[in-house]
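Count along the sequence shown from 1, add 306, and you get the number used in the working numbering.
All C-beta atoms, glycine included, are put in the ideal place defined by N, C-alpha and C.
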Amino acid sequence: MKLLDCTAASMLNAWKSLTSFRHSFYMQCDFQAIYASGIKGKAGLSADNLADDLGPLFESIMRCIPGPAIDKDGSLQMLATNIEYDEHKGRIAIGRLHAGILKKGMDVKVCTSEDSCRFARVSELFVYEKFSRVPAESVEAGDICAVCGINDIQIGETIADKTNGTPLPAIKVEEPTVKMAFSINTSPFVGREGKYVTSRNLRDRLSRELERNLAMKVEDGETADTFVVSGRGTLHITILIENMRREGYEFMVGPPKVINKRVNDKLLEPYEIATVEVPEEHMGAVVELLGKRRGQMFDMQGVGSEGTTFLKYKIPTRGLLGLRNAILTASRGTAILNTIFDSYGPWAGDMSTRDLGSLVAFEGGTSTSYAISSSQERGQLFIGPGVEVYKGQIVGIHQRPGDLSLNVCKKKAATNIRSNKDVTVILDTPLDYSLDDCIEYIQEDELVEVTPSSIRMCKNPKFSKKSNR
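Okay, structure coming up:
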């Protein structure tokens, strides 16, 4: 470090900062290394001398990691850090006891803050042994437990002593940033594959989800059979969609939309920090993609000696919709994208997240090799021969901007002319889009049809009616 034109005081402060940095660095380098194999169930302090079990690993954890700060003699304090829902027991608060003793049947005070408290009674108490919950009569400070009987408890609230308990600092549940519209299935294939297809089934399932998923919100949509589901991102909502699909639900979802805010007459939108690891030969294409989506680079570093570049961007959440597939395509599957919510910021302006249109079937039926062989010249298809399709279903990606309607069910016309020549038809392998891929792909006028055994995309009939008018 060079210190030029500095006073004695500034030089002393710089030296203290450098000394503190070196001390922190040496402290971080002083750690215990454990060699372990999860498959074999062995661990040890050296790779050549492994014990017959994982004992060295657990002993090192107990020796090196300080225990939680608890007060066994203090007044009862337990912070609800997670909520589960049971159809018979109702809401179950999960957390660690910070102080005191909690007993089954005990009257307690539930506090959001010092000025906002209410009384409740613990009906059942559970502790954790291995991977299961075991009933318990009482727990003491330091134990992780599950508490039943407080049906209105929320994450971040404190279960305290009835007389002199004080609340712990609350955990704030982040507000949703993305919303999607859920509606009943209106395709011609409705009811073929699903068990629960009505709006009542959909409403009841979403209401039950709110009991255990407190970061999610559900509101009524424009129609009686539409519900707007808000979450912490597309992944948050996609997990719910996948769970419902496996449970036998059949429904449709619209494209994800960001939740904007207006503060002091200024429109704000959510921003996220995106980190990308990409080889140098593909860095230009990735930087171009992020730039088109209003991303602002604030860090770029070379990682290792293999030519990998580490990029950091601040980018609007709506710019991330569909970005993962685009980056994988541009980098030939070598780039790694990670994102985390940052803050709300000024509206970044209009942006385009998809340059190509869709191939749409204008006739229903069973797809044929004859029709697909000519259709694949127009773009990449999602289906192969022998697949049932309906009018308005998206069957592929157009190679140009704008949608193109085509017939993938057309059969070869029979003629009186005989031919001994064998015609070989070569069909491309159809694209296999997952649920996440479909949600990233669809635009404002498109929907994803979700059933227990199929995932399809289609044009939204409401938009086609508006365009016809």
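- Kindly indicate which three-state DSSP category Pro576 falls into: helix, strand or coil? Taking the first residue of the sequence shown as position 1, residue 576 is located at position 270. Strand, per DSSP.
- Query: Pick from Ser343, Asp379 and Phe668: whose alpha carbon is nearest that of Pro362?
  - Reply: Position 56 of the sequence shown, counting from 1, holds the residue named residue 362. Minimum Cα distance to Pro362 is reached at Ser343.
- Item | Under the three-state DSSP convention, the category Phe495 falls into | The residue labelled residue 495 in the question sits at position 189 within the sequence shown. The answer is coil: DSSP assigns Phe495 none of H, G, I, E or B.
- Kindly indicate which three-state DSSP category Thr540 falls into: helix, strand or coil? The residue given as residue 540 occupies position 234 in the sequence shown. Reduced to three states, the DSSP call for Thr540 is helix.
- Query: For Asp449, which option in Arg369, Cys715, Arg402 and Glu393 has the closest C-alpha, if you only look at C-alpha atoms?
  - Reply: For this step, residue 449 is matched to residue 143 along the sequence shown. For Asp449, the nearest C-alpha among the options comes from Arg402.
- Message: What does DSSP give as the partner residue(s) for Met558 in the beta ladder?
- Response: On the sequence shown, residue 558 is found 252 positions in, with the first residue counted as 1. Its beta-bridge partners are Ser489 and Glu755.
- Query: In three-state terms, what does DSSP make of Pro691?
  - Reply: For the purposes of this step, residue 691 is identified with residue 385 of the sequence shown, where counting begins at 1. Coil, per DSSP.
- Item | Sufficient close CB pairs (3 or more, under 8 Å) joining the segment 573-581 to the segment 652-663 | yes
- Test item: CB-CB of Cys451 and Glu430 under 8 Å: Working through the sequence shown from its first residue, we reach residue 451 at position 145. Working through the sequence shown from its first residue, we reach residue 430 at position 124. Not a contact, by the Cβ cut-off of 8 Å.
- Would you give the residue range spanned by the alpha helix (DSSP H) that Cys370 belongs to? For the purposes of this step, residue 370 is taken as the residue at position 64 of the sequence shown. Here the alpha helix (DSSP H) through Cys370 covers Gly361 to Cys370.
- Going by CA-CA distance only, name the one from Glu443, Tyr619 and Val559 that's closest to Leu508. Counting from 1 along the sequence shown, the entry for residue 508 is found at position 202. Looking at the Cα atoms, Val559 is the closest of the given residues.
- Residues bridged to Met763 (per DSSP): Position 457 of the sequence shown holds residue 763. In DSSP, Met763 forms a bridge with Val754.
- Jot down the residue ranges of each uninterrupted beta strand (DSSP E) in the segment 340-419, minimum 3 residues, whole runs only, in chain order. 341-343, 348-350, 383-385, 388-392, 396-405, 407-409 and 413-419
- Message: Given this structure, state the Cα-to-Cα distance separating Asp377 from Lys415, to the nearest angstrom.
- Response: On the sequence shown, position 71 is the one that residue 377 refers to. On the sequence shown, position 109 is the one that residue 415 refers to. Looking at the two C-alpha atoms, the distance is approximately 18 Å.
- Query: Given that a residue counts as buried once 16 or more other Cβ atoms are within 10 Å of its Cβ, and exposed if not, what is Gly628?
  - Reply: Position 322 of the sequence shown, counted from the first residue, corresponds to residue 628. With 16 or more other Cβ atoms within 10 Å, it is buried.
- What first and last residue would you give for the alpha helix (DSSP H) that runs through Val593? As a position in the sequence shown, residue 593 is number 287, starting the count at 1. Met589 to Lys598 is the span of the alpha helix (DSSP H), which, as asked, contains Val593.
- Query: Does the segment 623-638 touch the segment 731-748, meaning 3 or more C-beta pairs lie closer than 8 Å?
  - Reply: yes
- Where does Gly708 land, buried or exposed, given buried means 16+ other C-beta within 10 angstroms? Numbered from 1 along the sequence shown, position 402 holds the residue referred to as residue 708. By the neighbour-count rule (16 or more Cβ atoms within 10 Å), Gly708 is not buried but exposed.
- Item | Coarse secondary structure for Cys715, derived from DSSP in three states | Indexing the sequence shown from 1 puts residue 715 at position 409. If DSSP states are grouped into helix, strand and coil, Cys715 belongs with coil.
- Alpha carbon to alpha carbon, how far is Glu578 from Pro372? Give it in angstroms, no decimals. Here residue 372 refers to the residue found at position 66 of the sequence shown. Here residue 578 refers to the residue found at position 272 of the sequence shown. So the two alpha carbons sit approximately 33 Å from each other.
- Message: Please state the DSSP three-state secondary structure of Met606.
- Response: In the sequence shown, the residue the question calls residue 606 occupies position 300. Looking at Met606 - three-state DSSP - the assignment turns out to be strand.
- Query: Smallest Cα separation from Ile400: which of Leu408, Ile389 and His394?
  - Reply: In the sequence shown, residue 400 corresponds to position 94, counting from 1. Comparing Cα-Cα distances from Ile400 to each of Leu408, Ile389 and His394, the minimum goes to Ile389.
- Name, in chain order, the residues that DSSP records as bridge partners for Ser438. Here residue 438 is taken as the residue at index 132 of the sequence shown, counted from 1. Answer is Glu435, bridged to Ser438.
- Item | Cβ distance (whole Å) where Gly406 is taken to contact Ser444 below 8 Å | By one-based count along the sequence shown, residue 406 stands at place 100. By one-based count along the sequence shown, residue 444 stands at place 138. About 11 Å separates the two Cβ atoms, so there is no contact after all.
- Item | Reference Ile283, options Leu512, Ala530 and Glu556, closest by Cα | Because the chain spans 307 through 775 in this model, residue 283 falls outside it and cannot be assessed.
- What distance in whole Å lies between the Cβ atoms of Gln699 and Ala667, which are believed to be in contact at a cut-off of 8 Å? Within the sequence shown, residue 667 is the residue found at index 361, counting from 1. Within the sequence shown, residue 699 is the residue found at index 393, counting from 1. Contact flag correct, Cβ pair sits at about 5 Å.
- Item | C-beta contact flag for Ala426 and Val433 at 8 Å | Counted from its first residue, the sequence shown places residue 426 at position 120. Counted from its first residue, the sequence shown places residue 433 at position 127. In this structure, Val433 does not lie closer than 8 Å to Ala426 by Cβ.
- Item | Cβ-based burial, Asp379 [other Cβ within 10 Å; buried from 16] | As a position in the sequence shown, residue 379 is number 73, starting the count at 1. It counts as exposed.
- Item | Spatial distance of Lys718 from Ile748 (CA atoms) | Here residue 718 refers to the residue found at position 412 when the sequence shown is read from its first residue. Here residue 748 refers to the residue found at position 442 when the sequence shown is read from its first residue. Looking at the two C-alpha atoms, the distance is approximately 32 Å.
- Task: Might you give, ordered along the chain, the residues of its own chain that have their beta carbon closer than 6 Å to the beta carbon of Gln682, omitting 5 neighbours on each side?
- Result: As a first step, residue 682 must be located in the sequence shown, where it is residue number 376. Result list for Gln682: Asp734, in chain order.
- Got a sec: does the ligand GTP put a non-hydrogen atom nearer than 7 Å to the Cβ of Ala375? As far as ligands go, the structure on display features none, and thus does not contain the ligand GTP.
- Pick helix, strand or coil for Arg511, following the three-state DSSP scheme. Looking up residue 511 in the sequence shown gives position 205. Of the three classes helix, strand and coil, the one that applies to Arg511 here is helix, per DSSP.
- Item | Three-state class that DSSP yields for Ala466 in the structure shown | By one-based count along the sequence shown, residue 466 stands at place 160. Three-state DSSP puts Ala466 in a strand.
- Query: Assuming Leu710 and Leu665 make a contact with CB atoms under 8 Å, what is their CB distance in whole Å?
  - Reply: On the sequence shown, position 404 is the one that residue 710 refers to. On the sequence shown, position 359 is the one that residue 665 refers to. Sure, about 6 Å apart at Cβ, within 8 Å.
- Message: Within 10 Å of its beta-carbon, does Lys765 have 16 or more other beta-carbons around it, so buried, or fewer, so exposed?
- Response: Locating residue 765 in the sequence shown gives position 459, counting from the first residue. Buried, since its Cβ has 16 or more Cβ neighbours within 10 Å.
- Quick one: grab the DSSP three-state call for Asn457. As a first step, residue 457 must be located in the sequence shown, where it is residue number 151. In the structure shown, Asn457 sits in coil (DSSP, three-state: anything other than H, G, I, E or B).
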